[in-house]
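Residue numbers (my numbering): 14 to 416. Working notes, structure below.
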């Protein structure tokens, strides 16, 4: 039996088989949401409070030295550079909007935890770890969608758009959210599926598992307004038995199959094949000329990316030398060479970690902060090396045909 008795666009009350669940929808940089969350928890005095956070994000919000523990060289060596960039860009975008309103991103979630502690109620972090969400989104994107995702992240990182407090509050209205979700689904269907649909299911299952149930227990779950209706629908399915609440498969990241692994070798195989064909067509002299031309195009554009990032001269050199090596060994990227070289030559300072998210609010800040500069060198040299390969293949083919 399900009973809905929501009193506003931001609250849904559910009573399902011994569980009373109050879903509270928020905007993550809304002063009104902070006040509403605290007031509901103090008034309802629930037996459990669930929040749309994972433990890592909560720690980064509450621990002043959380970013100071970041080892940027380790991140790049482990191949997590693009994931960190995506995470930081999203954090920086929210920070910039919240800074305009004097509200820190996710402050309403922290207010929910503080209110739970105040009334002596347990609380639970019910969201999936952010790095798993980003890795799943990335793994589901093809090359074109990855380019669109990166373009969208970069445009949001340096956008000067400002939202008023009234516009922020409108984001909690279902009509506004429907349009935004449809736009996201049309632009990047795989990302919308991972960021919204999967997390609706994940959050609903975790809320259901953690919900107080004995003796008519009451649970308040604080979630982003964009998830409100999706979570309600999922909880109703779980309660009716039409959907399970085991979401362990949503914790895993799909590994590339044999086809995906083979695809990463296509570009180096094509380059080697063209150069080898030059040897059989016109001898070693042509083959060597083609090899040197490819190394020059590939390395120069990777180095140009580092130069645009105002990298240290040794990092620029590492980009030039490392790009051809990275192409012929797809398990590593040119960003590994350039990023590590930049981090070694200009080691990040404590103040860089302390102002990491704030630095993303301006181009000047990105260049001034040594951590974001490392990531910029990593990113732009990787893009440059990629473009270098796409430029060199048709040119090498043209040389071969005219030989």
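Just so you know, even glycine gets a beta-carbon here, dropped at the ideal spot from N, CA and C. Just so we're clear, the structure is a prediction, and the values are computed from it rather than from any experiment.
Q | Cβ contact check for the region 379 to 386 and the region 287 to 302: 3 or more pairs under 8 Å | A | Too few Cβ pairs lie closer than 8 Å, so no.
Q: Taking residue 368 as the reference, give the member of 73, 58, 149 and 55 with the closest Cα.
A: Taking the chain shown and counting its residues from 1, one reaches residue 368 at position 355. In terms of CA proximity to residue 368, 73 leads the group 73, 58, 149 and 55.
Q. Just checking my contact of residue 25 with residue 241 at CB under 8 Å: how many whole Å lie between their CB atoms?
A. If you number the chain shown from 1, residue 25 lands on position 12. If you number the chain shown from 1, residue 241 lands on position 228. With a Cβ gap of about 6 Å, residue 25 and residue 241 count as contacting.
Q: Check the C-beta distance from residue 285 over to residue 406 and give it rounded, since I have them as a contact under 8 Å.
A: For the purposes of this step, residue 285 is taken as the residue at position 272 of the chain shown. For the purposes of this step, residue 406 is taken as the residue at position 393 of the chain shown. So it is not a contact: roughly 11 Å between Cβ atoms.
(Q) Does residue 33 come out as helix, strand or coil in the three-state DSSP assignment? (A) The residue given as residue 33 occupies position 20 in the chain shown. It is a strand residue.
Q: May I ask you to list the residues that DSSP assigns as paired with residue 232?
A: Your numbering for residue 232 matches position 219 in the chain shown. By DSSP's assignment, residue 232 forms a beta bridge with 34 and 61.
Q: Measure how close the beta-carbons of residue 237 and residue 38 come, nearest whole angstrom, since I'm counting them as under 8 Å.
A: As a working note, residue 237 is residue 224 in the chain shown. As a working note, residue 38 is residue 25 in the chain shown. Residue 38 and residue 237 do touch by the CB rule: their CB atoms are close to 7 Å apart, below 8 Å.
Q) Terminal residues of the continuous beta strand (DSSP E) containing residue 136? A) The residue labelled residue 136 in the question sits at position 123 within the chain shown. Start and end: 136 to 138.
Q) With a Cβ-Cβ cutoff of 8 Å, do residue 36 and residue 244 count as a contact? A) Here residue 36 is taken as the residue at index 23 of the chain shown, counted from 1. Here residue 244 is taken as the residue at index 231 of the chain shown, counted from 1. Yes. Within cutoff.
Q. CB-CB under 7 Å to residue 343, same chain, minus the five flanking residues each way: which ones, in chain order?
A. Residue numbering aside, residue 343 sits at position 330 when the chain shown is read from its first letter. Non-local beta-carbon contacts of residue 343 in its own chain, meaning distances under 7 Å to residues more than five positions away in sequence, involve 277, 278 and 281 in chain order.
**Q.** Rounded C-alpha distance that separates residue 189 from residue 239
**A.** Position 176 of the chain shown, counted from the start, is the residue given in the question as residue 189. Position 226 of the chain shown, counted from the start, is the residue given in the question as residue 239. Its pLDDT being 45, under 50, residue 189 is placed unreliably by the model, and the measurement read from it follows with that caveat. Taking the straight line joining both Cα atoms gives about 10 Å.
(Q) With a threshold of 8 Å, are at least 3 pairs of Cβ atoms found where one atom belongs to the region 209 to 228 and the other to the region 125 to 132? (A) With the cut-off at 8 Å, the region 209 to 228 and the region 125 to 132 do not touch.
Q. Looking at the structure shown, is residue 302 part of a helix, part of a strand, or coil, going by DSSP?
A. Along the chain shown, read from residue 1 onward, the residue named residue 302 stands at position 289. DSSP places residue 302 in helix when its eight states are reduced to three.
Q) How is residue 148 classed by DSSP in three states: helix, strand or coil? A) Numbered from 1 along the chain shown, position 135 holds the residue referred to as residue 148. Helix.
Q: Return the CA-CA distance between residue 331 and residue 57, expressed in angstroms with no decimal places.
A: Here residue 331 corresponds to residue number 318 of the chain shown, with the count starting at 1. Here residue 57 corresponds to residue number 44 of the chain shown, with the count starting at 1. In a straight line, the C-alpha of residue 331 is about 60 Å away from that of residue 57.
Q: Report the three-state DSSP secondary structure of residue 188 (helix, strand or coil).
A: Numbered from 1 along the chain shown, position 175 holds the residue referred to as residue 188. Because the pLDDT at residue 188 is just 46, under 50, the model does not fix this residue reliably, and the value given afterwards should be weighed accordingly. Three-state DSSP puts residue 188 in a helix.
**Q.** As assigned by DSSP and simplified to three states, the class of residue 4
**A.** Past the boundaries of the shown model lies residue 4; the chain is included only from 14 to 416, so the question cannot be answered.
Q) Quick one: is residue 403 buried, meaning 16 or more other Cβ sit within 10 Å of its Cβ, or exposed? A) Position 390 of the chain shown holds residue 403. Of the residues assessed, residue 403 falls on the exposed side of the cut-off, its CB having fewer than 16 other CB atoms within 10 angstroms.
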